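Novice: Protein chains in written order, with numbering that gives the first Met the number 0: chain P, 0 to 134; chain U, 0 to 151.
Quick one: the structure is below, and I'll ask about it shortly.
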Amino acid sequence: MIYVTRRAEFSASHFYHNPALSPEENRRIFGKTNNPNGHGHNYTLDVTVAGEVDPTTGMVMDLKDLKKLLESEVLEVMDHRFLNKEVPVFATTIPTTENIAIEIWKLVAAKLKSGRLHRIRVYETPELFVDYFGD
Amino acid sequence: MVYLTRRYRFSASHRLHNDNLSAEQNSRLYGKCDNAFGHGHNYVLEVTVAGEVDPGTGMALDLGVLDGAVQREVLDRFDLTNLNLDSERFRESVPTTENVCIEIYNLLKDKLNGGTARPGARLDRVRLEETNSNAFEYFGDTTAYQATGKVR
């Protein structure tokens, strides 16, 4: 078994707010990230696919296919977007890095044809990242 | 389950030297790191917490809790210190980055596992970079970690 990771970058804005909570509770829990005007990040996405090396090609999967998949399923949806307002799932789910990682897992897993999706890692900043293994 | 990692930095000096060994043995074992005056590093610390996403907040852990624990337990204790001379712990064990990594794990473990963190959130991993070229990782009970079959 070998693990192949492809990196992609996207930029997006978001804010954290739970409509079920009072304005005071939202401010207490989320602090500055509760500002409804939003703020932005340059996200870095690492997608790791696990598989066996195909003896004919020497590859786990064609990385061009993975690149295209990330462009069509993730970057098209999230790059240069206001996540809360433009990505339907984040109208009802707070677009924390945790939830972004889980959502990207779903988007990629649904379309991946070869190899097995092993890990989604999303860096919100170089100092903060979330890993999701699908369980 | 998601795994959230935060990076921190601290600078400290240390000397790798075991009092139970002869000068020659120390010199052979630790080389330049045995220099009696010590030497310093800019350490980069990664702390990984595992937890379920709280549906109300979308978060696995309040980062303020993590930052507060790391500040109190690690940065206040080790930043801008001499690990051998200023830390009780490293009077009895050599402050190799392996031992510092394990010590940081043990310092943080009880502050995150249950404690004031979100229920269920737990310390998963401590990774400590001594330089850009060496890093050490500790998962606590490594047999439990290996049993999950996760490779990261």
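For every residue, glycine included, the Cβ atom is placed at its ideal position computed from N, Cα and C.
In this text the structure is predicted, and so the values were computed from the model without any measurement.
Using a Cβ-Cβ distance cut-off of 8 angstroms, determine whether L44 of chain U contacts chain P.
Specialist: False, the Cβ-Cβ gap to chain P never drops below 8 angstroms.
Novice: Taking the alpha-carbon positions, what's the H13 of chain U to G39 of chain U distance?
Specialist: One C-alpha to the other measures close to 6 angstroms.
Novice: Kindly indicate if chain U contains any beta-carbon less than 8 angstroms away from that of Y15 of chain P.
Specialist: Taking Cβ atoms only, chain U reaches closer than 8 angstroms to Y15 of chain P, which makes this a yes.
Novice: Nearest to E72 of chain P by alpha carbon, out of P:V121, P:I103, P:N98?
Specialist: The shortest Cα separation from E72 of chain P among P:V121, P:I103, P:N98 belongs to P:I103.
Novice: Over what stretch of residues does the beta strand (DSSP E) that includes G67 of chain U continue unbroken?
Specialist: No beta strand (DSSP E) holds G67 of chain U; the alpha helix (DSSP H) holding it covers 62-69.
Novice: Please list the terminal residues of the continuous alpha helix (DSSP H) segment that includes N83 of chain P.
Specialist: Counting along the chain, the alpha helix (DSSP H) containing N83 of chain P begins and ends at 82-85.
Novice: Do the stretch 26-38 of chain P and the stretch 105-125 of chain P make contact, defined as three or more Cβ pairs closer than 8 angstroms?
Specialist: With a cut-off of 8 angstroms, the stretch 105-125 of chain P and the stretch 26-38 of chain P do not count as touching, because too few Cβ pairs lie within range.
Novice: Along chain P, which residues have their Cβ under 8 angstroms away from the Cβ of V1 of chain U?
Specialist: Here the neighbours are E97, A100, I101, V129, D130, Y131.
Novice: Hey, does V93 of chain U have any beta-carbon neighbour from chain P nearer than 8 angstroms?
Specialist: So, not an interface residue.
Novice: Go to E24 of chain P, then tell me how far its alpha helix (DSSP H) extends in each direction, as first and last residue.
Specialist: Looking at the DSSP string, the run of the alpha helix (DSSP H) that includes E24 of chain P is 22-29.
Novice: Determine the chain U residues that contact D134 of chain P at a beta-carbon separation under 7 angstroms, and present them in chain order.
Specialist: Within chain U, the residues near D134 of chain P are M0.
Novice: Closest to Y29 of chain U by CA distance: which of U:T96, U:R90, U:D78, U:T4 is it?
Specialist: Nearest C-alpha to Y29 of chain U: U:T96.
Novice: When DSSP builds the beta bridges, which residues end up paired with N41 of chain P?
Specialist: DSSP output for N41 of chain P lists P:S10 as bridge partner(s).
Novice: As an exercise, report each continuous alpha helix (DSSP H) stretch of at least 4 residues that is fully enclosed by the stretch 83-125 of chain P, in chain order.
Specialist: List check, alpha helix (DSSP H) in window: 88-91, 96-110.
Novice: Mind checking the stretch 41-68 of chain U against chain P and listing, in chain order, the residues whose C-beta falls within less than 7 angstroms of any C-beta there?
Specialist: Hits within the stretch, in order: V52, G55, T56, G57, M58, A59.
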